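Below is one structure, written out as C-alpha coordinates, with a few remarks after it.
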Amino acid sequence: MTAGRFVKVVTVLAAMSMLVTGVWARVDPASFAEWANWPNHVHFLHDAGVFQIAIGLMLLCALWWRDVVVVVLAGFVFANTFHAFNHAVDLELGGGNASDPWALLAVSVVAAAGLAVRLRTLHIRRNAKEGASA
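Numbering (the working numbering), first residue to last: 5 to 138.
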(Lines of atoms letter the chains of each structure in order from A and count residues from 1; the text may use other names and numbers.)
(Lines give C-alpha, C1' and ligand atoms only; values in the text may rest on other atoms or scores of the structure.)
Protein backbone atom coordinates (compact mmCIF):
# COMPACT_ATOMS: atom_id res chain seq x y z
CA MET A 1 0.00 0.00 0.00
CA THR A 2 1.35 3.41 -0.93
CA ALA A 3 1.77 6.14 1.66
CA GLY A 4 -0.98 8.21 0.01
CA ARG A 5 -3.42 5.33 0.04
CA PHE A 6 -2.59 4.57 3.67
CA VAL A 7 -3.32 8.18 4.65
CA LYS A 8 -6.66 8.07 2.79
CA VAL A 9 -7.67 4.82 4.52
CA VAL A 10 -6.73 6.22 7.93
CA THR A 11 -8.66 9.42 7.18
CA VAL A 12 -11.79 7.48 6.18
CA LEU A 13 -11.55 5.24 9.27
CA ALA A 14 -11.11 8.28 11.52
CA ALA A 15 -14.09 9.98 9.84
CA MET A 16 -16.26 6.90 10.25
CA SER A 17 -15.36 6.57 13.94
CA MET A 18 -16.28 10.22 14.52
CA LEU A 19 -19.52 9.91 12.55
CA VAL A 20 -20.62 6.72 14.33
CA THR A 21 -19.85 7.99 17.83
CA GLY A 22 -21.30 11.40 17.02
CA VAL A 23 -24.57 9.96 15.76
CA TRP A 24 -24.67 7.65 18.77
CA ALA A 25 -24.20 10.55 21.23
CA ARG A 26 -26.86 12.59 19.41
CA VAL A 27 -29.43 9.80 19.01
CA ASP A 28 -28.98 7.87 22.28
CA PRO A 29 -27.18 10.12 24.75
CA ALA A 30 -27.92 7.95 27.81
CA SER A 31 -26.33 4.90 26.23
CA PHE A 32 -23.35 6.92 25.03
CA ALA A 33 -22.89 8.49 28.49
CA GLU A 34 -22.91 5.06 30.11
CA TRP A 35 -20.35 3.72 27.63
CA ALA A 36 -18.10 6.80 27.96
CA ASN A 37 -18.59 6.93 31.74
CA TRP A 38 -19.79 10.52 31.48
CA PRO A 39 -22.65 12.21 33.33
CA ASN A 40 -25.92 11.94 31.42
CA HIS A 41 -26.39 15.63 30.60
CA VAL A 42 -28.48 15.28 27.46
CA HIS A 43 -27.83 18.70 25.93
CA PHE A 44 -24.05 18.50 26.37
CA LEU A 45 -24.04 14.96 24.97
CA HIS A 46 -26.04 16.21 21.99
CA ASP A 47 -23.47 19.01 21.57
CA ALA A 48 -20.62 16.48 21.74
CA GLY A 49 -22.41 14.37 19.15
CA VAL A 50 -22.92 17.16 16.64
CA PHE A 51 -19.32 18.30 17.00
CA GLN A 52 -18.07 14.75 16.41
CA ILE A 53 -20.30 14.48 13.34
CA ALA A 54 -18.86 17.76 12.04
CA ILE A 55 -15.29 16.53 12.60
CA GLY A 56 -16.10 13.36 10.67
CA LEU A 57 -17.52 15.37 7.78
CA MET A 58 -14.51 17.71 7.83
CA LEU A 59 -12.17 14.71 7.59
CA LEU A 60 -14.09 13.52 4.53
CA CYS A 61 -13.93 17.04 3.05
CA ALA A 62 -10.14 16.87 3.34
CA LEU A 63 -10.19 13.95 0.90
CA TRP A 64 -12.26 15.96 -1.57
CA TRP A 65 -10.68 19.42 -1.35
CA ARG A 66 -6.96 20.15 -1.14
CA ASP A 67 -7.31 23.71 0.14
CA VAL A 68 -6.95 23.95 3.91
CA VAL A 69 -9.09 27.11 4.18
CA VAL A 70 -11.96 25.41 2.32
CA VAL A 71 -11.74 22.31 4.52
CA VAL A 72 -11.63 24.30 7.76
CA LEU A 73 -14.46 26.64 6.74
CA ALA A 74 -16.59 23.68 5.64
CA GLY A 75 -15.91 21.99 8.98
CA PHE A 76 -16.87 25.15 10.82
CA VAL A 77 -20.08 25.55 8.81
CA PHE A 78 -21.03 21.94 9.58
CA ALA A 79 -20.20 22.25 13.29
CA ASN A 80 -21.79 25.61 13.89
CA THR A 81 -24.95 24.84 11.88
CA PHE A 82 -25.44 21.50 13.64
CA HIS A 83 -24.79 23.28 16.94
CA ALA A 84 -27.47 25.86 16.08
CA PHE A 85 -29.93 23.07 15.27
CA ASN A 86 -29.01 21.34 18.52
CA HIS A 87 -29.69 24.48 20.56
CA ALA A 88 -33.06 24.94 18.86
CA VAL A 89 -34.11 21.36 19.58
CA ASP A 90 -32.67 21.32 23.12
CA LEU A 91 -34.00 24.63 24.46
CA GLU A 92 -35.91 22.87 27.24
CA LEU A 93 -32.90 20.66 28.05
CA GLY A 94 -30.48 23.47 28.88
CA GLY A 95 -29.81 24.60 25.35
CA GLY A 96 -29.57 28.26 26.32
CA ASN A 97 -31.66 31.23 25.29
CA ALA A 98 -34.23 31.25 22.49
CA SER A 99 -31.95 33.63 20.56
CA ASP A 100 -28.91 31.29 20.67
CA PRO A 101 -29.83 29.15 17.65
CA TRP A 102 -30.41 32.26 15.55
CA ALA A 103 -27.12 33.83 16.61
CA LEU A 104 -25.25 30.61 15.84
CA LEU A 105 -27.03 30.28 12.51
CA ALA A 106 -26.13 33.87 11.58
CA VAL A 107 -22.45 33.06 12.13
CA SER A 108 -22.89 29.94 9.98
CA VAL A 109 -24.34 32.04 7.15
CA VAL A 110 -21.34 34.39 7.26
CA ALA A 111 -18.93 31.43 7.31
CA ALA A 112 -20.80 29.79 4.41
CA ALA A 113 -20.47 33.04 2.45
CA GLY A 114 -16.73 33.01 3.16
CA LEU A 115 -16.58 29.39 2.00
CA ALA A 116 -18.45 30.24 -1.20
CA VAL A 117 -16.11 33.16 -1.92
CA ARG A 118 -13.05 30.98 -1.30
CA LEU A 119 -14.37 28.23 -3.59
CA ARG A 120 -15.18 30.79 -6.29
CA THR A 121 -11.71 32.33 -5.99
CA LEU A 122 -10.05 28.92 -6.33
CA HIS A 123 -12.24 28.12 -9.34
CA ILE A 124 -11.28 31.39 -11.05
CA ARG A 125 -7.56 30.81 -10.31
CA ARG A 126 -7.73 27.24 -11.66
CA ASN A 127 -9.47 28.40 -14.85
CA ALA A 128 -6.90 31.19 -15.30
CA LYS A 129 -4.01 28.70 -14.95
CA GLU A 130 -5.65 26.29 -17.39
CA GLY A 131 -6.21 29.13 -19.87
CA ALA A 132 -2.61 30.31 -19.55
CA SER A 133 -1.21 26.84 -20.17
CA ALA A 134 -3.40 26.20 -23.22
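Quick reminder that beta carbons are idealized off the backbone N, C-alpha and C, glycines included.
Since the structure is predicted, the reported quantities are computational estimates derived from the model, not experimental observations.
Inter-residue spacing [alpha-carbon to alpha-carbon] between residue i and residue j
i    : j    : result
A7   : T15  : 12 Å
L123 : A66  : 14 Å
V75  : A58  : 11 Å
A88  : A116 : 14 Å
W28  : D94  : 16 Å
N90  : E96  : 11 Å
E38  : D51  : 16 Å
Nearest residue (CA-CA) to residue i, options the options
i    : options                 : result
L17  : M62, T125, V93 and N41  : M62
V111 : A102, F80, L95 and I128 : F80
N84  : V72, D104 and R70       : D104
R130 : G98, F86, D71 and A107  : D71
H45  : G98, S137, R9 and G135  : G98
DSSP three-state assignment for residue i, whether helix, strand or coil
i    : result
A92  : helix
D71  : coil
A102 : coil
N44  : coil
D32  : coil
M22  : helix
Contact check, residue i vs residue j, beta carbons under 8 Å
i    : j   : result
M22  : G53 : no
A19  : L64 : yes
G100 : Q56 : no
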